[in-house]
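This report concerns only the one structure given below.
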Amino acid sequence: AIELKRSYKIKKRVEKDKNFEMPNLVEICKKLISSPRICSKAFVIRRYDYEVKGKTILKPLQGLINEETHGDAAVIKPLDDSFRGLAITADVNPRFCKLHPYHGSASAVDEVFRNLIAVNSKPHSLADCLNFGNPEKPYRLGEFVESVKALYETAKEFSLPFVSGNVSFYNESPFASVAPTPTLLGVGIVEDIRKVISADLKKDGNFIYLVGETKREMGGSEYYRILGFDNYGKVPRVDAKKTRMLGEKILKAMDLGLVKACHDISTGGLFVALAEMCFGSNLGVKVDISSIDPKLRTDFKLFSESNGRWLVEVKANCSEEFESIANATKLGIVTKEKNILIKDNSMEISLDLIELKELWRKGIEYEL
Numbered sequence: 001a002i003e004l005k006r007s008y009k010i011k012k013r014v015e016k017d018k019n020f021e022m023p024n025l026v027e028i029c030k031k032l033i034s035s036p037r038i039c040s041k042a043f044v045i046r047r048y049d050y051e052v053k054g055k056t057i058l059k060p061l062q063g064l065i066n067e068e069t070h071g072d073a074a075v076i077k078p079l080d081d082s083f084r085g086l087a088i089t090a091d092v093n094p095r096f097c098k099l100h101p102y103h104g105s106a107s108a109v110d111e112v113f114r115n116l117i118a119v120n121s122k123p124h125s126l127a128d129c130l131n132f133g134n135p136e137k138p139y140r141l142g143e144f145v146e147s148v149k150a151l152y153e154t155a156k157e158f159s160l161p162f163v164s165g166n167v168s169f170y171n172e173s174p175f176a177s178v179a180p181t182p183t184l185l186g187v188g189i190v191e192d193i194r195k196v197i198s199a200d201l202k203k204d205g206n207f208i209y210l211v212g213e214t215k216r217e218m219g220g221s222e223y224y225r226i227l228g229f230d231n232y233g234k235v236p237r238v239d240a241k242k243t244r245m246l247g248e249k250i251l252k253a254m255d256l257g258l259v260k261a262c263h264d265i266s267t268g269g270l271f272v273a274l275a276e277m278c279f280g281s282n283l284g285v286k287v288d289i290s291s292i293d294p295k296l297r298t299d300f301k302l303f304s305e306s307n308g309r310w311l312v313e314v315k316a317n318c319s320e321e322f323e324s325i326a327n328a329t330k331l332g333i334v335t336k337e338k339n340i341l342i343k344d345n346s347m348e349i350s351l352d353l354i355e356l357k358e359l360w361r362k363g364i365e366y367e368l
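Below is the structure:
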């Protein structure tokens, strides 16, 4: 075999944050929910057949008919004589990877893990599609080296093997290169497809819990993009040991029938995850986020894209049992009101669910 050793350089990165006054959060929420990376992708998804052989149990869009929201993963039933299933998801955040190829790539593994857990599956394996610029340029090859190192180290910590993959280089023009984009596909094993969990809220009176820790990790976030702070902030880090532990606790709670809905927190942060859960059911929420790290400002609590987090809807009569299993923070309650009410100490934000959903639905069409 031919082996080529090419020199590479690792760019020194200094993650500087930005000091600024907190903007109008209602207006920010509206801009976030209608942004191209967050708004409904139903316009595109419905143009593809995700019902091949009629074996799709949990679809990419989840919730009430014609009111569906984005799910975390799809689930199929491959065998006629078994209730076992396969959960499938795909993830990457090029904005993270552009700022920091190592931590951005590690975050992709973390998100695959979270998405598979969210539908009540045990994460099993990964495949990759690595898209990078010209490897003949030392810094471009350095991005690739950082990314592959992160994928190896993080997947090993999550005990997830890479079973397949491909690499695409030279994705650039004379003017610019694509951001490092290690797109990952993850597969999980569902022991019983009759127990899959979707992202949409189920019943008023149930409780909403936050699992995982929120930090001021705003680098590459959609919030900072909207504010024009593209090159500022710390890219989210991965704590695989902690995330695995939390994921196992969520699976245990799901197995006991305590969990009615689950959604990972990623692009757009806590606010977007809450809104998406509401969209699929037309139910509202009342939450108090003051129990999240009191050192954090309200906007960082709502829009941080820290890894290792889920929102979980728990049966009203099962909250004590859930709390005894999971390290979780009770945020609030599901309501019949078509409204998202968020409190943080003396601050209160009220958002009309119908207006938000309309902005979310039409966002991609406006872009096209």
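Everything in the sequence shown is counted per our numbering, starting at 1 for the first residue and increasing by one. Heads up, the beta-carbon is just placed ideally off N, CA and C, and yes, glycines get one too. Just so it is clear, the structure is predicted and the values come from calculations on it, not from any experiment.
- DSSP links Asp-17 through a beta bridge to no other residue.
- Taking a 10 Å sphere around the C-beta of Asn-134, we find fewer than 16 other C-beta atoms and assign the residue as exposed.
- Comparing alpha-carbon positions, the option among Glu-191, Ala-90, Glu-217 and Pro-101 lying closest to Arg-13 turns out to be Pro-101.
- Beta-bridge annotation (DSSP): Met-218 is not paired with any residue.
- In this structure, Gly-280 lies near Glu-68, with their beta-carbon atoms less than 7 Å apart.
- When only Cα atoms are considered, Met-245 and Asp-239 end up about 10 Å apart.
- Contact between Ala-90 and Thr-183 is confirmed by a C-beta separation of about 6 Å, below the 8 Å threshold.
- Boundaries for Leu-201: no beta strand (DSSP E) harbours it, and the DSSP string shows neither H nor E there.
- Collapsing the DSSP output to three states places Lys-260 in a strand.
- Every alpha helix (DSSP H) of 4 residues or more that sits fully in the segment 114–163 is shown, in chain order, as 138–157.
- Taking Thr-214 as reference, the option from Glu-348, Ser-266 and Arg-95 with the minimal CA-CA separation is Ser-266.
- A check of alpha carbon separations from Asp-293 across Asn-317, Asp-204, Ile-325 and Leu-331 identifies Leu-331 as the nearest.
- According to the DSSP assignment, Ala-87 belongs to the beta strand (DSSP E) that extends over 85–91.
- Segment contact: the segment 80–88 against the segment 217–235, fewer than three CB-CB distances shorter than 8 Å; contact not assigned.
- The C-beta distance from Ser-290 to Asp-344 rounds to 5 Å, short enough to meet the 8 Å contact threshold.
- Non-local C-beta neighbours of Glu-348 in its own chain, meaning closer than 8 Å and more than five positions away in sequence, comprise Leu-341 and Ile-342, ordered along the chain.
- Beta-bridge partners of Phe-207 (DSSP): Val-314 and Ile-333.
- Excluding the 5 residues flanking it on each side, Lys-98 has same chain C-beta neighbours closer than 8 Å at Gly-104, Ala-179, Pro-180 and Gly-220, in chain order.
- About 5 Å separates the beta carbons of Val-196 and Leu-58, which is inside the 8 Å limit, making them a contact pair.
- Val-26 and Asn-19 have their C-alpha atoms some 20 Å from each other.
- Sixteen is the threshold: when 16 or more other Cβ atoms of the shown chains lie within 10 Å of the Cβ of Pro-236, as they do, the residue is buried.
- Glu-172 is bridged by DSSP to Ser-177.
- The C-alpha of Glu-153 lies about 12 Å from the C-alpha of Ala-108.
- Under DSSP, Glu-348 forms a beta bridge with Lys-343.
- Excluding sequence positions up to five before and after Phe-322, its CB lies within less than 6 Å of the CB of Ala-253, Leu-258 and Val-314, all in the same chain and listed in chain order.
- Bounds of the alpha helix (DSSP H) holding Val-272 are 269–279.
- Counting C-beta atoms within 10 angstroms of its own C-beta, Lys-9 has fewer than 16 neighbours from the protein chains shown and is therefore classed as exposed.
- With a cut-off of 8 Å on Cβ pairs, the segment 158–175 is not in contact with the segment 33–48, counting fewer than three such pairs.
- Distance check between Ala-328 and each of Glu-15, Ile-354, Tyr-48 and Gly-247 places Gly-247 closest, using alpha-carbon atoms only.
- The continuous alpha helix (DSSP H) containing Asp-255 extends over residues 240–255.
- Distances from the alpha-carbon of Asp-299 to those of Ile-2, His-263 and Met-22 put Met-22 closest.
- Contact check for Ala-73 against Leu-61 fails: the beta carbons are separated by 7 Å or more.
- If the five residues before and after Leu-64 are omitted, its C-beta is found closer than 8 Å to the C-beta atoms of Asp-200, Gly-280, Ser-281 and Asn-282, all from its own chain and listed in chain order.
- Straight-line spacing of the CA atoms in Lys-30 and Glu-136 works out to 43 Å.
- Remark: C-beta atoms of Ala-118 and Cys-262 approach each other more closely than 7 Å.
- Of the other Cβ atoms in all chains shown, fewer than 16 fall within 10 Å of the Cβ of Glu-355; this residue is therefore exposed.
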